[in-house]
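Chemist: Using full-length UniProt numbering, the letters of the sequence shown correspond one by one to residues 1 to 380.
Beta carbons are placed, not taken as given, at the ideal position from N, Cα and C, and that holds for glycine.
Computed from a predicted structure; not experimentally measured.
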Amino acid sequence: MRLRTRLTLWYGGAFFAAGAVLTTVVYLIVRSRIAANLPQPGESLEALVQARAHLGMTEEQLTDLIDTVIERQEAANAATLQAVLLGSAFALGVIGLLAVGFGFLMAGRVLRPIDAITDTARRVADRSLHERINLRGPNDELKRLADTFDGMLARLDRAFEGQRRFVANASHELKTPLAINRTLLEVAAAEADAGHRVRGLAANLLAVNERHERLIDGLLTLAGSDRAPADPVPVDLADIASHVAAQFAHEAAEADVAVEVSAEEAVTAGDAALLERLVANLIANGIRHNRPGGALAIATAAVDGRARLTVVNTGPIVAAYEIDALFQPFRRGEGRDRIESVKGVGLGLSIVESVARVHDAALAAVPNRDGGLRVTVEFP
C-alpha cells in the first residue's frame with residue numbers, strides 16, 4: 001500500500017473515531033437533558049392537587065390527562081433522540097468522506113517533495129550524478145532532506161568525476177611509455193645482428209606490451225562509458241552486429257568457432273561507438289571463452305518496440321551464482337583474478353554492463369545447460 005493511501009486511511013480513521021466520540025457525547029447530553037425535563041411522579045400528583053379545583057375535573061380525569069401528556073412527551077423525546085442520532089451519523093458520514101478526500105489531496109501535497117526526491121534519485125541512478133532536486137519552499141523537514149540529498153549527490157559527483165579523471169589521465173600517461181617500449185622492441189628485433197634469443201625475448205615482451213595496451217584501452221573505454229550519450233542518434237543494431245561479426249571472422253576461424261548472424265532491423269538511440277564496443281565485447285567474449293568446434297549465435301530483432309541483441313555461445317559450464325562476477329572488472333567466473341588471462345584483460349563484460357546501463361538497456365545473462373552463456377540486451 002502506498003504511503004499516500006496509508007496516510008489517508010490514518011487521517012480518515014482518526015476523523016471518524018473523533019466524530020463517533022463527539023456524536024456519542026452529544027447524544028448522551030441531549031438524552032440527559034430531556035430526561036431531566038420530564039415531570040416526576042410526585043410533581044404530577046402535586047400538579048393534580050393544585051389544578052383540580054380550577055379545571056373542574058375529577059381526580060381520575062386529571063390523572064388520565066397528565067399520563068397522556070407524559071406519554072406523548074416521551075414519544076416526542078424518543079423521536080427527537082432518534083433524529084439527533086440519525087442526523088449526527090449522516091453528517092458524520094458525509095463530512096467524513098469529504099475529510100478523507102481532503103486528506104488524500106493534502107497527503108499528496110505533503111508527499112510531493114518526496115516524489116521529487118524519488119524521481120531524481122531514479123534518474124541519477126540510471127544516468128548521471130549531475131542532476132539536483134533544488135526543492136523550493138519553507139525550511140521544513142522535507143526541504144532539509146532534499147538539501148541533504150543534493151549535497152550527497154554533489155559529493156558523489158565530485159568523487160566519481162575525480163575517479164574517472166584519474167583513470168583517464170593515468171591511462172593516457174601509461175600509453176606513451178608503452179608505445180615507446182613497443183617501438184624499441186620492434187627496432188631491436190629488426191636489427192641485423194639480433195640473435196634468436198633476442199628476437200624471442202622481444203616477441204614475448206611485445207605480447208606483454210600488447211596486453212597492457214589492451215588493458216589501458218579497456219580502462220579508457222570503461223571510464224568513458226559511465227556517462228550517458230550527450231547527443232544520442234538512431235543506431236541499427238543489425239548493421240553493427242553484421243559489421244563486427246565480419247571483423248571477428250578470422251579470429252573465429254582460428255578458434256574453430258562457427259558464427260551465425262541473424263540480423264533483423266533493431267533501431268535504438270544512443271552512442272554508436274559505445275554500442276559497437278558493446279557488441280564487439282560480447283562477440284569477442286563468445287569466441288574466446290568457447291571450445292573448439294563450438295558455435296556462436298548473434299541475433300538482433302525488434303521485440304515489443306524494444307531493440308534486442310542476443311549473443312549465445314557454447315563453452316564451459318557456468319554456474320548461475322557466478323554470473324554476477326563475470327560483469328565485475330578483472331574477475332572471472334570462478335572468482336579468480338583474470339588480469340593474467342591470455343584471452344583478455346578482464347574488462348570486456350564490465351564495459352558491456354556500463355554501456356548498457358547508460359543506455360537504459362536491460363542486460364541479462366543466463367547460463368546454457370550444456371555450457372556457455374546466453375546474453376540478452378534490450379534497448380529502449
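Would you kindly work out how many angstroms separate the C-alpha atoms of leucine 108 and asparagine 285, rounded to a whole number?
Modeler: Note on identity: in this sequence residue 108 is glycine, with leucine being the wrong assignment. Approximately 49 Å, taken between the alpha carbons.
Chemist: Buried or exposed for glutamate 276, please, with buried defined as at least 16 other CB atoms from any protein chain shown within 10 angstroms of its CB.
Modeler: buried
Chemist: Considering glycine 371, what are the terminal residues of the beta strand (DSSP E) in which it resides?
Modeler: No beta strand (DSSP E) contains glycine 371, which DSSP labels as neither H nor E.
Chemist: If you follow the alpha helix (DSSP H) that threonine 300 is part of, which residue opens it and which one closes it?
Modeler: Counting along the chain, no alpha helix (DSSP H) covers threonine 300; the unbroken beta strand (DSSP E) around it starts and ends at 294-303.
Chemist: Use the C-beta contact count for glycine 87: other C-beta atoms within 10 angstroms, 16 or more gives buried, fewer gives exposed.
Modeler: Exposed, by the Cβ-count rule.
Chemist: So, with DSSP's three-state summary, where would you put phenylalanine 379?
Modeler: strand
Chemist: Look at the Cβ atom of leucine 326, then the Cβ atom of leucine 282, and state whether they are nearer than 9 Å.
Modeler: no
Chemist: Would you tell me roughly how many angstroms separate the C-alpha atoms of alanine 246 and proline 234, rounded to the nearest one?
Modeler: Each residue's Cα considered, the two are about 22 Å apart.
Chemist: Among all the DSSP beta bridges, which residues are the ones paired with proline 367?
Modeler: Leu373
Chemist: Is there contact here, the stretch 313-320 with the stretch 371-378, by at least three beta-carbon pairs under 8 Å?
Modeler: Contact holds: three or more Cβ-Cβ distances are below 8 Å.
Chemist: So what's threonine 8 in DSSP terms, helix, strand or just coil?
Modeler: Residue state, collapsed to three classes: helix.
Chemist: Flag this pair as touching only if the stretch 250-257 and the stretch 285-298 have three or more C-beta atom pairs under 8 Å; answer yes or no.
Modeler: yes
Chemist: Would you list, in sequence order, the uninterrupted alpha helix (DSSP H) runs of no fewer than 4 residues that lie entirely inside the stretch 78-111?
Modeler: Taking 4 residues as the shortest admissible run, the stretch 78-111 contains no complete alpha helix (DSSP H) segment at all.
Chemist: Taking Cβ to Cβ, would you say threonine 8 is nearer than 9 Å to glycine 103?
Modeler: yes
Chemist: Look at the alpha carbon of alanine 302 and the alpha carbon of proline 380, and state the distance between them as a whole number of angstroms.
Modeler: 10 Å
Chemist: Give the DSSP-derived three-state secondary structure of leucine 184 in the structure shown.
Modeler: helix
Chemist: Measure how close the beta-carbons of phenylalanine 149 and isoleucine 114 come, nearest whole angstrom, since I'm counting them as under 8 Å.
Modeler: About 11 Å separates the two Cβ atoms, so there is no contact after all.
Chemist: Determine the contact status of arginine 182 and leucine 206, defining contact as a CB-CB distance below 9 Å.
Modeler: yes
Chemist: With a threshold of 16 other CB atoms inside 10 Å of the CB of aspartate 271, please say whether the residue is buried or exposed.
Modeler: buried
Chemist: Please state whether DSSP places arginine 136 in a helix, a strand or coil.
Modeler: coil
Chemist: Using DSSP's beta-bridge definition, name the partner residues of glycine 270.
Modeler: Answer is Val233, bridged to glycine 270.
Chemist: So, do the stretch 158-172 and the stretch 190-209 have three or more beta carbon pairs nearer to each other than 8 Å?
Modeler: No: fewer than three Cβ pairs fall under 8 Å.
Chemist: What whole-angstrom Cβ distance do valine 244 and alanine 280 have, given they're in contact under 8 Å?
Modeler: 5 Å
Chemist: Would the stretch 155-163 and the stretch 134-145 be scored as touching if the rule is three or more Cβ pairs under 8 Å?
Modeler: no
Chemist: With a cut-off of 8 Å on the beta carbons, I'd call alanine 189 and arginine 199 a contact; round off their distance for me.
Modeler: 5 Å
Chemist: Considering arginine 306, what are the terminal residues of the beta strand (DSSP E) in which it resides?
Modeler: 306-313
Chemist: Which whole-angstrom value is the C-beta distance of valine 352 and isoleucine 298, which I expect to be below 8 Å?
Modeler: Not confirmed; about 14 Å, so no contact.
Chemist: Between the Cα of aspartate 304 and those of Val267, Asn77, Gly195, spot the shortest distance and give me the residue it belongs to.
Modeler: Val267
Chemist: Using the DSSP secondary-structure output, state which residues sit across from glutamate 353 in a beta bridge.
Modeler: Answer by DSSP bridge pairing: none, since glutamate 353 is not bridged.
Chemist: Can you give the beta carbon distance from leucine 296 to isoleucine 287, rounded, assuming they're within the 8 Å contact cut?
Modeler: 6 Å
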